[in-house]
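In what follows, a single structure is set out as structure tokens and then discussed.
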Amino acid sequence: MAVLSLRMQKIIILWSFLIIPLLLLGVFTYYPAFSLITISFTDWNGISSVKTGVGLDNYIRVFSDPKYFEIFSHNLIYFFVGFVQIGLSLYFAVILNSKLRGRNIFRAILFSPYIINSVAIAFMFTFLLNNEVGALNVVLKEIGLGSLAMNWLSDPKIINYTLAFMSTWKYMGFMMVIIIGALQSIPNDIYEAASIDGANGFQAFRFITLPSLRRILELCFFLNLNGALSAFEFPFVIFPSGSPLGMSDTFVTNTLLTSFRYSDFGLASAMGVLLMIITIILVLAQRWLFFGRDEK
Amino acid sequence: MIRTLKYISLFIAAVCILFPPYIVIVAAFKTPTEFALSAGYALPGSFFNFDNFANVLQKGKFLRSYFNISYIIILSLAGNILLGTMVAYALGRFQFKLKSLILGAYAGALVIPGITTQVATFGIIKNLGLFNTHYSMVLLSLGADVVQIYIYLQFIKNIPYELDESAYLEGASLFRIYRSIIFPLLTPATATILILRTISIYNDLYSPYLYMPSQSLGVVTTELMRFSNSYGSSWTMQSAAIILVAIPMVIFYLVLQKYIFSGVVNGAVK
Amino acid sequence: MKNKSLSSLLAVVLSMSLLSACGGNNASNNNGQSEANTPPAESAAASETPSTSEIKGKITFAINRTDVDEKLKEYAEKFHEKYPEAEVVIEPIKDYEGTLKIRLASNEAPDVMYMNAIITPTTDLWPEFYAPIDDLGYEGKTYLPLSVYEGKAYAVSEGVYVTGVLYNKKTFAAAGIDAAPKTYDELLAALEKLKAKGILPMGSMLKSNWPLGTWETVAFANTADSNAMYEQMVNEDAPYNQENPLVKGFSFVRELVDKGYFEKDLLSSDWDILRKQMASGAVGMLYLANYGLGALEGTPAEDIGFFPLPIDNSGEPVTMMTPGWNVVINKKSKNMETAKAFYKFWIEESGYQDFSGMIPALKDMKSNNAPLAEFLANGPRIVTVLPPPDRYNQILNKSQITNPTILQEIMLNKDSNIQPIWDKYNKKWADARK
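Sequence order for the protein chains is A, B and C.
With our numbering applied, the first sequence corresponds to residues 56 to 351, in that order.
With our numbering applied, the second sequence corresponds to residues 280 to 549, in that order.
With our numbering applied, the third sequence corresponds to residues 236 to 669, in that order.
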């Protein structure tokens with residue numbers, strides 16, 4: 056076999072290795088996104104073969120309706136609770152990466168919620184958190200903490216926190232596993248060298264672990280922001296036809312109702328496009344805020 | 280002292296994590312009347328009451344649904360891992376003009392609200408003639424997502440570049456380097472991805488109903504959710520169903536987890 | 236999910252003939268029918284189906300029930316038995332409306348399916364997607380009118396429902412209620428007795444949203460021709476005024492809230508919990524339709540009672556009749572004759588109506604459901620509730636108003652001053668009408 060030059064090989068590898076994945080990405084992600092943008096300028100009802108152009112009408116409708124601000128305030132709750140999740144994931148990842156008896160069992164336990172499907176989780180929590188017969192309130196009352204028993208899933212002031220913590224419950228272990236993965240790739244000799252130089256555990260964490268986790272933490276922040284803005288699975292499973300008083304509606308559950316319930320695909324698409332734009336802006340802002348100073 | 284604190288925090292977390300499933304597990308062993316009368320956290324009268332499980336199993340066509348989902352998972356993961364490692368190799372080992380654009384495209388994909396673009400996606404699957412076949416779901420889960428790319432890139436960064444260089448000097452082609460060095464050394468990352476992807480495909484309820492509604496193509500989740508309509512379903516049976524759906528994934532995770540955490544760097548350098 | 240169709244409906248008072256047909260469905264009303272002595276399906280198959288040899292090939296039918304596999308298999312086998320060269324594949328679908336919408340838009344819809352205003356939002360879309368069913372000869376034979384657009388019929392509902400109050404006879408006896416209430420005062424007295432016993436008098440099912448559609452139909456109880464009401468509403472900028480039947484109906488519900496007959500915590504009130512609490516006697520009444528008869532898990536069938544909701548003191552019972560799912564045929568079906576044969580089979584012979592507690596769609600078919608027969612035997616006045624006109628749906632869709640959502644707001648309002656809520660909805664309505 057004739058040996059090709061390195062340059063030639065590189066070109067062949069890049070082309071042949073990237074063409075199919077990029078094609079998939081284009082066809083199944085970017086083409087639908089593009090069609091979303093086109094539909095957002097029409098009054099399409101989701102089924103008819105006719106789509107009439109309406110210009111920017113759909114965008115104007117979103118901006119002139121104050122209810123979307125309230126809906127966004129719900130997404131904001133997911134965002135802040137998400138930081139608790141990142142903190143917990145990081146904490147348990149570091150603990151469970153150290154030498155600890157039973158760490159495999161704890162890893163498995165903390166990861167286990169991710170295995171269960173969301174419909175089942177929603178079912179489990181509605182069952183657990185029912186204000187009268189739910190086990191949580193019953194237990195709280197029995198151990199004398201009755202004042203903490205709340206209408207977890209029916210009090211408009213609490214429900215979004217409950218739903219956000221359900222996400223934390225499900226995804227914390229997942230994030231932890233990703234972080235452990237990254238921790239594993241930090242060579243051990245660095246820590247050994249540091250400990251010879253007299254660094255304590257916290258210093259090692261601050262000056263070795265954290266910097267090495269920069270990329271993965273950036274991913275976590277990105278996932279959190281994106282997850283918060285597009286949160287929908289639990290509110291949607293619990294209230295498939297919209298929540299009473301809109302108390303737990305999020306931007307995406309409202310988009311789903313707008314399209315599939317109210318046959319307003321034009322408006323729903325505009326909402327989808329706006330969600331993309333907002334996410335991109337906020338991701339860049341967050342990135343600059345957290346990582347801006349030491350950016351390359 | 281610190282060790283004790285670690286254990287206390289782990290213990291609290293474990294309780295928080297396990298309490299909800301515990302409620303479901305005890306419910307699955309209760310009879311409907313027992314369930315109605317006892318507190319949610321109370322133990323069932325007997326852990327040998329398998330009626331709910333038997334009922335659920337009777338209603339689903341399990342062999343077929345396990346076959347269907349396994350077929351989908353195996354095909355799509357084979358493709359997914361192959362394509363994912365290829366992308367990782369291309370992006371992780373070479374510098375070229377479009378690199379940051381491609382990385383950006385993967386990150387950007389996450390920003391697109393997939394659930395609202397289903398109409399367009401369905402049109403593509405339909406035009407490819409894949410509606411109501413296994414391959415609709417295979418194709419939809421073939422592409423790598425940004426989490427996968429991140430995990431691979433993180434790992435590949437820590438595979439010493441000297442390995443590539445020495446192999447090249449010994450006359451290996453770039454493809455051979457990918458096949459015999461990069462691909463095998465990415466195994467822990469691959470195991471992680473294998474688990475994460477399998478779980479997400481396995482638990483996907485939406486796609487099977489939309490893309491393969493034919494009953495002979497039923498998968499485990501759809502098969503088990505069939506009777507959980509808001510009409511005649513019971514909580515005890517639903518609890519049993521949840522457990523039955525989760526068991527294969529729990530086993531799968533327990534078997535694979537040791538591969539996830541077997542550090543990549545140590546293995547490569549030794 | 237058939238209940239969703241309740242949320243957008245219109246009432247017409249039905250003729251007396253329907254009344255009696257519905258009321259007894261016994262030998263007396265078979266007399267006038269030409270097909271009285273032969274089972275309707277056989278005669279229909281003989282007269283209207285071209286010939287059995289054309290009934291062949293494979294068709295699909297999409298159904299919204301995902302919990303009755305065995306039954307579906309039974310229906311498919313029964314159909315195959317009747318037409319040995321034909322085969323039907325029944326697909327159970329979760330999230331029916333969303334899925335069907337996507338499939339219709341992509342030209343990948345089943346041969347026979349359900350239709351409503353969520354799937355095809357306007358009636359002018361029917362000719363684009365569905366085949367006319369005029370040749371099946373249902374005109375004039377059904378309780379509820381066929382779905383007609385520009386002179387052609389596209390759908391008949393697979394069955395009908397009547398609204399009423401579900402209760403456990405044992406619970407009533409325990410609270411000292413001897414007979415089902417017949418007037419509004421008797422209803423209040425019964426609710427009061429239940430309350431005094433510490434039993435939740437009436438379950439609201441507010442959290443579940445869709446059961447509130449039943450309360451919506453209360454609006455129609457006193458109207459002679461609510462078609463006029465909808466026509467009037469679409470021509471007004473502030474339709475929710477004191478004369479509006481919906482406003483009156485919702486005020487009726489609000490009064491029950493003020494009297495304390497519903498849950499204190501309405502937001503936790505869940506159909507799925509309440510239907511099971513019937514058995515233990517924790518809840519007194521649930522206002523629903525006959526589909527609820529088969530869903531009260533744990534309550535023995537002989538203990539279940541069902542009576543028309545008394546909305547006034549006239550003593551004249553009234554019930555609202557609402558359609559089940561409308562069945563349509565895909566215009567692009569490759570086996571049109573088979574699809575039509577299955578259509579007739581589903582409506583007339585499958586037995587699905589009895590199984591799911593519906594009243595069959597055709598007047599000359601008998602319902603084999605006992606509590607239902609008892610309910611109808613009392614001869615309540617029947618008000619039929621039909622889909623509203625396109626324009627009404629369009630306004631609701633654009634303003635994202637649904638009547639159960641309005642009712643949720645009214646029931647949850649802190650005090651009985653609900654005018655601000657109506658003002659808000661009047662404004663939304665006016666904006667959407669522009």
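Ideal placement from N, C-alpha and C gives every residue a C-beta, glycine not left out.
Bear in mind that the values here come from a model prediction, so they are computed numbers and not experimental data.
Determine the direct distance from the alpha carbon of W207/A to that of G448/C, and round the result to whole angstroms.
-> Indexing the third sequence from 1 puts residue 448/C at position 213. Indexing the first sequence from 1 puts residue 207/A at position 152. Straight across, the Cα-Cα distance linking G448/C with W207/A is about 26 Å.
Cβ-Cβ separation, E326/C to P345/C (assumed contact under 8 Å), whole Å | Sequence index remark: in the third sequence, residue 345/C carries index 110 (1-based). Sequence index remark: in the third sequence, residue 326/C carries index 91 (1-based). Sure, about 6 Å apart at Cβ, within 8 Å.
Using a Cβ cut-off of 7 Å, pull out every chain C residue sitting near R316/A, in sequence order please.
-> In the first sequence, the residue the question calls residue 316/A occupies position 261. Those within 7 Å of R316/A in chain C are I353.
Run through DSSP, which three-state label would K378/B get?
-> Reading the second sequence from its first residue, position 99 is the one you call residue 378/B. Residue state for K378/B is assigned as helix, using DSSP reduced to three classes.
Through-space distance from S518/B to I336/A, alpha-carbon basis = Walking along the first sequence from the start, residue 336/A turns up at place 281. Walking along the second sequence from the start, residue 518/B turns up at place 239. Roughly 42 Å between the two C-alpha positions.
Measuring only between beta-carbons, confirm whether M205/A sits less than 9 Å from chain B.
-> As a first step, residue 205/A must be located in the first sequence, where it is residue number 150. For M205/A, the closest Cβ of chain B is not nearer than 9 Å.
Does the pairing of the segment 499-516 of chain C with the segment 367-382 of chain C give three or more beta-carbon distances under 8 Å?
-> Touching, no, given that fewer than three Cβ pairs across the two stretches are closer than 8 Å.
Starting from K338/B, find everything on chain C with Cβ-Cβ shorter than 9 Å and list it in chain order.
-> As a first step, residue 338/B must be located in the second sequence, where it is residue number 59. Within 9 Å Cβ-Cβ: D302, D304 and E305.
Excluding the five sequence neighbours on either side, which residues of its own chain have a C-beta within less than 7 Å of the C-beta of K404/C, listed in chain order?
-> Residue mapping note: residue 404/C aligns to position 169 of the third sequence, counting from 1. Correct list, in chain order: D538 and G540.
Quick one, which of S355/B, L473/B and K285/B has its alpha-carbon nearest Y431/B's?
-> Taking the second sequence and counting its residues from 1, the one referred to as residue 431/B is at position 152. Of all alpha-carbon atoms in S355/B, L473/B and K285/B, the one lying nearest the alpha-carbon of Y431/B is that of L473/B.
Entirely within the segment 133-213 of chain A and at least 4 residues each: give me those alpha helix (DSSP H) ranges in chain order.
-> Fully enclosed alpha helix (DSSP H) runs of 4 or longer: 158-166, 173-184 and 190-197.
So what does L335/C bridge to, in DSSP terms?
-> Position 100 of the third sequence, counting from 1, holds the residue named residue 335/C. Here L335/C is not bridged, per DSSP, to any residue.
At least 3 beta-carbon pairs within less than 8 Å: the segment 366-376 of chain B vs the segment 302-309 of chain A | No, they do not touch.
Given that a residue counts as buried once 16 or more other Cβ atoms are within 10 Å of its Cβ, and exposed if not, what is A306/B?
-> What you label residue 306/B is simply residue 27 of the second sequence in a count that begins at 1. With 16 or more other Cβ atoms within 10 Å, it is buried.
Whole angstroms is fine: what's the gap from I160/A's alpha carbon to I170/A's?
-> The residue you call residue 160/A lines up with position 105 of the first sequence. The residue you call residue 170/A lines up with position 115 of the first sequence. Approximately 15 Å, taken between the alpha carbons.
Test: A297/C CB closer than 9 Å to a CB of chain B = Within the third sequence, numbered from 1, the residue matching residue 297/C stands at position 62. So, interface residue.
Sequence ranges, beta strand (DSSP E) only - wholly within the segment 353-432 of chain C, length at least 3 | As far as the segment 353-432 of chain C is concerned, its whole beta strand (DSSP E) runs of at least 3 residues are 382-384, 387-392 and 394-403.
Skipping 5 residues on each side, what residues in its chain have a beta carbon closer than 7 Å to that of E609/C?
-> As a working note, residue 609/C is residue 374 in the third sequence. Excluding residues up to 5 positions away in sequence, nothing lies with its Cβ nearer than 7 Å to the Cβ of E609/C in the same chain.
The segment 127-145 of chain A contacting the segment 215-232 of chain A, beta-carbon criterion three pairs below 8 Å = The segment 127-145 of chain A vs the segment 215-232 of chain A: in contact.
Skipping 5 residues on each side, what residues in its chain have a beta carbon closer than 8 Å to that of N261/C?
-> Taking the first residue of the third sequence as 1, we reach residue 261/C at position 26. Any answer about N261/C is weak, because its pLDDT of 34 lies below 50 and its placement is not dependable; what the coordinates show is given next. Counting only Cβ-Cβ distances below 8 Å, and skipping sequence neighbours, we find nothing.
Straight-line gap, R616/C to I354/C (C-alpha atoms, nearest Å) = Translated into the one-based positions of the third sequence, residue 616/C becomes position 381. Translated into the one-based positions of the third sequence, residue 354/C becomes position 119. Answer to the nearest angstrom: the Cα atoms are 32 Å apart.
Can you find a CB in chain B that lies within less than 9 Å of the CB of R116/A?
-> Here residue 116/A corresponds to residue number 61 of the first sequence, with the count starting at 1. No, because no Cβ of chain B sits closer than 9 Å to the Cβ of R116/A.
Which residues mark the beginning and the end of the beta strand (DSSP E) in which T453/C is found?
-> Working through the third sequence from its first residue, we reach residue 453/C at position 218. First, the amino acid is wrong: residue 453/C is Val here, not Thr. Here V453/C belongs to no beta strand (DSSP E), and DSSP marks it neither H nor E.
What are the residues of the segment 558-581 of chain C that lie near chain A, defined by any Cβ-Cβ distance shorter than 8 Å?
-> Under the 8 Å Cβ criterion, the segment 558-581 of chain C contributes no residue.
4-residue-minimum alpha helix (DSSP H) runs that sit fully inside the segment 456-516 of chain B, ordered along the chain | Fully contained in the segment 456-516 of chain B are the following alpha helix (DSSP H) runs of length 4 or more, in chain order: 466-482, 485-490 and 499-504.
Under a CB-based cut-off of 9 Å, is K405/B close to chain C?
-> Translated into the one-based positions of the second sequence, residue 405/B becomes position 126. Judged by the 9 Å Cβ criterion, K405/B is in contact with chain C.
Per-residue contacts from I328/C into chain B (C-beta, under 7 Å) | In the third sequence, the residue the question calls residue 328/C occupies position 93. Per Cβ cutoff of 7 Å: Y488 and P492.
Opening and closing residue of the alpha helix (DSSP H) in which G438/C lies | Against the third sequence, residue 438/C aligns to sequence position 203. Judged by DSSP secondary structure, G438/C falls outside any alpha helix (DSSP H) and instead within the beta strand (DSSP E) spanning L435 to G438.
Identify the continuous beta strand (DSSP E) that holds M520/C and give its terminal residues.
-> Reading the third sequence from its first residue, position 285 is the one you call residue 520/C. From DSSP, the beta strand (DSSP E) with M520/C extends over V518 to A524.
Roughly how many whole angstroms lie between the Cα atoms of L429/C and P622/C?
-> For the purposes of this step, residue 429/C is taken as the residue at position 194 of the third sequence. For the purposes of this step, residue 622/C is taken as the residue at position 387 of the third sequence. Cα to Cα, L429/C sits roughly 36 Å from P622/C.
Look up N561/C in the DSSP assignment and give the residues it is bridged to.
-> As a working note, residue 561/C is residue 326 in the third sequence. Residue pairing by DSSP places N561/C opposite M350/C and S392/C in a beta bridge.
Opening and closing residue of the beta strand (DSSP E) in which V109/A lies | Numbered from 1 along the first sequence, position 54 holds the residue referred to as residue 109/A. Careful: V109/A lies outside any beta strand (DSSP E) and carries neither H nor E.
Ordered along the chain, which non-local residues of its own chain (more than five positions away) have a Cβ less than 8 Å from that of P545/C?
-> Locating residue 545/C in the third sequence gives position 310, counting from the first residue. So the list reads P416, K417, T418, Y419, E421, L422 and P552, once near-sequence residues are dropped.
Using the C-alpha atoms, what's the distance from T396/B back to I198/A?
-> As a first step, residue 198/A must be located in the first sequence, where it is residue number 143. As a first step, residue 396/B must be located in the second sequence, where it is residue number 117. Taking the straight line from one Cα to the other gives about 48 Å.
Contacting residues, own chain, Cβ-Cβ under 7 Å from G394/C (five flanking each side not counted) = Position 159 of the third sequence holds residue 394/C. The residues are G559, Q588, M593, I594, P595 and A596.
Please report how far the alpha carbon of E284/A lies from the alpha carbon of D210/A, in whole angstroms.
-> In the first sequence, residue 284/A corresponds to position 229, counting from 1. In the first sequence, residue 210/A corresponds to position 155, counting from 1. Note on residue identity: the sequence assigns Leu, not Glu, to residue 284/A. So the alpha carbons of these two residues sit roughly 22 Å apart.
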